[in-house]
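> Okay, handing you the structure first.
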Amino acid sequence: AVATRTWDVGGRLESLRHWVAALGPAAPLAFIAVRAGAAVTLVPGSGITLSGGMLFDPVTAVVCVSAGKTLGACLAFLISRYFARRSVERWLAGTTHLERLDELVRERGALIVALMRLAPLVPFNVQNYGFGLTSVPFGTYVLWSWLGMLPAAVFVVSAAGVVGDTLQTGQVSWMRLGVMIASLAAMAGLAVYALLRLLTPSYSADSLDGRMVYL
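Structure representation (structure tokens):
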């Protein structure tokens, strides 16, 4: 608290928010490009995501984070599948959690993509390249990656917003805190639901894929 007052963190953050707002559409577009670039270059994106939650309004932040992560996931997937497949195969050779990924995708389709995004056993950036080596259709991958990553984007943006508002005003944003808790509950609930569907013997990937994902 003393350091916050001494360095005027709240005032600096407010000034930075005004500066970002003055940039207009260039700021969100630049953020999306940076977030996508981090995914492609394997740079951890948590700090970038948190900064988006602090600098933009909640809706803009969620849209930018979601768009940036999805765009980066698509680019890495396409690089892995069409441009650097052999290099990615050598890089990921022996990765325990990815050894059966293609088999699981063939058996369970979109459900595997969604579950790995909701409860990542493998780092997000590595997943992007790993999925490019599988037989999952690009449309399936894009749709279910976006849906699976959306609750986490809402959670992180809300958490960053709570911290940012507290630093700037000294008060907790109860609305953002509520959204943060709700998104965390949604992540947990969806992950459990997907896991239960995965463990259901009668589940057929075609029952999901055939309706929604083959674009």
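Quick note: the sequence shown uses our numbering, first residue -1, plus one each step.
C-beta atoms are modelled at their ideal positions from N, C-alpha and C, and glycine is treated no differently.
1) Using a 10 Å radius around the Cβ and a threshold of 16 neighbouring Cβ atoms, would you call residue 21 buried or exposed?
2) If you follow the alpha helix (DSSP H) that residue 66 is in, where does it begin and where does it stop?
3) Taking the straight line between their C-alpha atoms, what separation do you get for residue 58 and residue 19?
4) Below 8 Å, can you find three or more Cβ-Cβ pairs linking the stretch 62 to 72 to the stretch 23 to 42?
5) Can you tell me which of 23, 175, 102, 130 puts its alpha carbon nearest to the alpha carbon of residue 77?
6) Within the continuous alpha helix (DSSP H) that includes residue 197, where are the two ends?
7) Quick check on DSSP: helix, strand or coil for residue 40?
8) So is residue 185 buried or exposed if we call it buried at 16+ other beta carbons inside 10 Å?
9) Where residue 15 and residue 180 are concerned, what is the direct C-alpha to C-alpha distance, given to the nearest angstrom?
10) Inspect the beta-carbon positions of residue 41 and residue 50 and report whether they are closer than 8 Å.
11) Considering only C-alpha positions, which residue in the set 68, 111, 118, 55 is nearest to residue 160?
12) May I have the straight-line CA-CA distance separating residue 142 from residue 111, to the nearest angstrom?
13) Whole angstroms are fine: how far does the CA of residue 89 sit from the CA of residue 17?
14) From residue 165 to residue 139, what does the alpha carbon distance come to, in whole angstroms?
15) Note down, in chain order, each residue of its chain lying with its Cβ closer than 6 Å to the Cβ of residue 48, except the 5 sequence neighbours on either side.
16) Could you check which residue in 177, 107, 168, 128 has the C-alpha nearest to that of residue 195?
17) Is the CB-CB distance between residue 152 and residue 177 below 8 Å?
A quick look at the data gives this:
1) exposed
2) 56 to 76
3) 11 Å
4) yes
5) 130
6) Neither: residue 197 is in no alpha helix (DSSP H) and is coded neither H nor E.
7) coil
8) buried
9) 26 Å
10) no
11) 55
12) So the alpha carbons of these two residues sit roughly 6 Å apart.
13) Separation of residue 17 and residue 89 (C-alpha to C-alpha, rounded to the nearest whole angstrom) is 41 Å.
14) 38 Å
15) 158
16) 107
17) yes
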